[in-house]
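Worksheet: the structure to be examined is printed underneath.
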Amino acid sequence: MVMKIKPSSLPVGNTPLVRMQHVFSSQALQFYAKLEYMNPGGSIKDRTATRIIKRAIENRHITRETTIVESTSGNMGIGLARICRLMGLRLVLVVDPYINPQAEKILRAFGAELVCVEEDDGKGGFLNTRLQKVKDLLDTLPDSFHPDQYTNPDNPGAHFETVKEILQSLQRVPDYIFVPTSTCGTLMGIYGGLENLGHQTRLVAVDAEGSVIFKDTSAKRRIPGMGSSRPSSFVKTEKIYRVLHIAEKDIVAACRRVVETEAMIIGGSSGAVIAAVTQLSPEIPPGSDVVGIFADSGERYLDTIYNETWVNAGQ
């Protein structure tokens, strides 16, 4: 049966770009945060999930009987759960023990079915184990569809609009954009959007220590949504100005610093962006306009980044 795309009462995108006046008050730069947690599902992954599912419906890869199967550490799952609930589609998500409790509750509230893998992949995470489980499910579930955020070109394609929104809000071209990395869809989508418009903004990739996106050596990572256990299918390193790897302790410290200076509770990858800007700030020319992508808020990290027991357990 051919599906029609059901319009949402809460459209995705057009998130605020706000100047954070205090966290970098000692540096001679203007820092603006693109608040992607203002999307209806609470993260930047609303853009990715919505575009992938809508395009698959338009191309008739999905019918009302299709089961959607995906690997996720949290935010992509929530984005998919929301759009699948809106479209009346069954959703099976493969998660791992690092999924945060708030995200799990949100997924179940949207009606997603969760399958949790317990064995790590030997590369600091569970990604490869999750992807193998997805493959097994696709082989056994009839009429199933894999959004495959790790290779689907609609992932970076979702972020061409993000660039247009930044330019429209700022009313000029930023000198730097700092982008947290996982699939690298956001990173390369923003690059593509800038390239299409002929802009030379310096793009900084913000990765987690222990990730193998840009390095060969892996290590344990506890903060979901940051880094990866395998190289990205999208990334083109020659298009990136700098790659910065941020340690967990620096992410935590940056998140706490934003609470103290801006009275904002931000997510882990957003804290990594703050830490990365801090690290690179001595090289940034005075007066530069710097944009950071804030993928989600800190409400889903209250039991981790903002919990002393969790923080101390990782030391």
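In terms of my numbering, the sequence shown has 166 at position 147, counting the first letter as 1, and numbering is strictly consecutive.
Built from N, CA and C at the ideal position, the CB exists for glycine as well.
- Which residue or residues does DSSP assign as beta-bridge partners of Asp226? To locate residue 226, count along the sequence shown from 1; it is residue 207. Note: Asp226 is bridge-paired with His264 in the DSSP secondary-structure output.
- Task: Determine which residues share a DSSP beta bridge with Leu110 and list them.
- Result: As a working note, residue 110 is residue 91 in the sequence shown. Answer is Ile87, bridged to Leu110.
- Can you list the alpha helix (DSSP H) stretches of 4 or more residues lying completely in the region 157-208, in chain order? Entirely contained in the region 157-208, the alpha helix (DSSP H) runs reaching 4 residues are, in chain order, 173-176, 179-189.
- Query: From Leu99, Tyr117, Gly107, Asp115, pick the residue whose C-alpha is nearest to that of Leu126; which is it?
  - Reply: Taking the first residue of the sequence shown as position 1, residue 126 is located at position 107. If we check each option's Cα against that of Leu126, Leu99 comes out closest.
- Does the count of Cβ pairs from the region 246-260 and the region 195-210 closer than 8 angstroms reach three? Note that the region 246-260 touches the region 195-210; at least 3 beta-carbon pairs, one per stretch, sit closer than 8 angstroms.
- Item | Residue nearest to Ser259 in terms of C-alpha spacing, selected from Val223, Ser230, Ile285 | For the purposes of this step, residue 259 is taken as residue 240 along the sequence shown, with counting starting at 1. Sequence check: residue 259 is Ile here, not Ser. Per the Cα distances, Val223.
- Message: Let me confirm a value: Arg240 is counted as buried when at least 16 other C-beta atoms fall within 10 Å, else exposed. Which label applies?
- Response: To locate residue 240, count along the sequence shown from 1; it is residue 221. Burial call: buried.
- Starting from Gln49, follow its DSSP beta bridges and name the residues at the other end. Here residue 49 refers to the residue found at position 30 when the sequence shown is read from its first residue. Per DSSP, Asp308.
- Query: Going by the C-beta, is Thr91 closer than 8 angstroms to any heavy atom of the ligand GDP?
  - Reply: As for the ligand GDP, it is missing from this structure, which has no ligand bound.
- Message: Going by the DSSP bridge assignment, what does Ser44 pair with across the sheet?
- Response: Reading the sequence shown from its first residue, position 25 is the one you call residue 44. According to DSSP, Ser44 bridges with nothing at all.
- At a Cβ threshold of 9 angstroms, is Val192 touching chain C? The structure shown contains no chain C; it is built from a single protein chain.
- In three-state DSSP terms, what is Ile81? Position 62 of the sequence shown holds residue 81. Of the three classes helix, strand and coil, the one that applies to Ile81 here is coil, per DSSP.
- Message: Tell me which residue opens and which closes the beta strand (DSSP E) that Arg241 is part of.
- Response: As a working mapping, residue 241 is identified with position 222 in the sequence shown. Note, Arg241: premise wrong, no beta strand (DSSP E); not H, not E.
- Where does the unbroken beta strand (DSSP E) through Leu216 begin, and where does it stop? As a first step, residue 216 must be located in the sequence shown, where it is residue number 197. First-last for Leu216: undefined, no H or E at that position.
- Task: For Ser237, I'd like the list of residues in its chain whose CB is within less than 7 angstroms of its CB, leaving aside the five on either flank, ordered along the chain.
- Result: As a position in the sequence shown, residue 237 is number 218, starting the count at 1. The answer, listed in chain order, is Lys142, Gly143, Gly229, Val231, Ser248.
- Item | Distance between Glu302 and Thr323 (C-alpha atoms, nearest Å) | Position 304 of the sequence shown, counted from the start, is the residue given in the question as residue 323. Position 283 of the sequence shown, counted from the start, is the residue given in the question as residue 302. Taking the straight line from one Cα to the other gives about 32 angstroms.
- Message: On the CB-based measure, 16 or more other CB atoms within 10 Å of its CB, does Lys25 come out buried or exposed?
- Response: The count along the sequence shown starts at 1 and reaches residue 25 at position 6. Exposed: under 16 other Cβ atoms inside 10 Å.
- Thinking C-beta only, is Arg101 closer than 9 angstroms to Gly60? Against the sequence shown, residue 60 aligns to sequence position 41. Against the sequence shown, residue 101 aligns to sequence position 82. A contact, by the Cβ cut-off of 9 angstroms.
- Item | Boundaries (first-last residue) of the beta strand (DSSP E) holding Arg38 | For the purposes of this step, residue 38 is taken as residue 19 along the sequence shown, with counting starting at 1. Per DSSP, Arg38 is one residue of the beta strand (DSSP E) stretching across 36-38.
- Nearest residue (CA-CA) to Ala128, options Leu105, Lys183, Asn33, Asp235: Counted from its first residue, the sequence shown places residue 128 at position 109. Comparing alpha carbon positions, the residue from Leu105, Lys183, Asn33, Asp235 closest to Ala128 is Leu105.
- Taking the CB atoms as reference points, tell me whether Asp269 and Ser289 lie closer together than 9 angstroms. Here residue 269 corresponds to residue number 250 of the sequence shown, with the count starting at 1. Here residue 289 corresponds to residue number 270 of the sequence shown, with the count starting at 1. Cβ distance not < 9 angstroms, so Asp269 and Ser289 don't count as in contact.
- Under the assumption that Val310 contacts Tyr51 (Cβ atoms under 8 angstroms), give the Cβ distance between them as a whole number of angstroms. If you number the sequence shown from 1, residue 310 lands on position 291. If you number the sequence shown from 1, residue 51 lands on position 32. Indeed they touch by this definition, with Cβ atoms about 5 angstroms apart.
- Message: My output table needs one value for Arg249: the three-state DSSP class, helix, strand or coil.
- Response: Translated into positions along the sequence shown, residue 249 becomes position 230. Assigned with DSSP and collapsed to three states, Arg249 falls in coil, not helix or strand.
- Query: For the alpha helix (DSSP H) that contains Glu123, what are its first and last residues?
  - Reply: The sequence position of residue 123 within the sequence shown is 104, counting from 1. Unbroken alpha helix (DSSP H) run through Glu123: 120-128.
- Message: I need the straight-line Cα distance from Lys183 to Thr34, nearest angstrom please.
- Response: Taking the sequence shown and counting its residues from 1, one reaches residue 183 at position 164. Taking the sequence shown and counting its residues from 1, one reaches residue 34 at position 15. So the two alpha carbons sit approximately 11 angstroms from each other.
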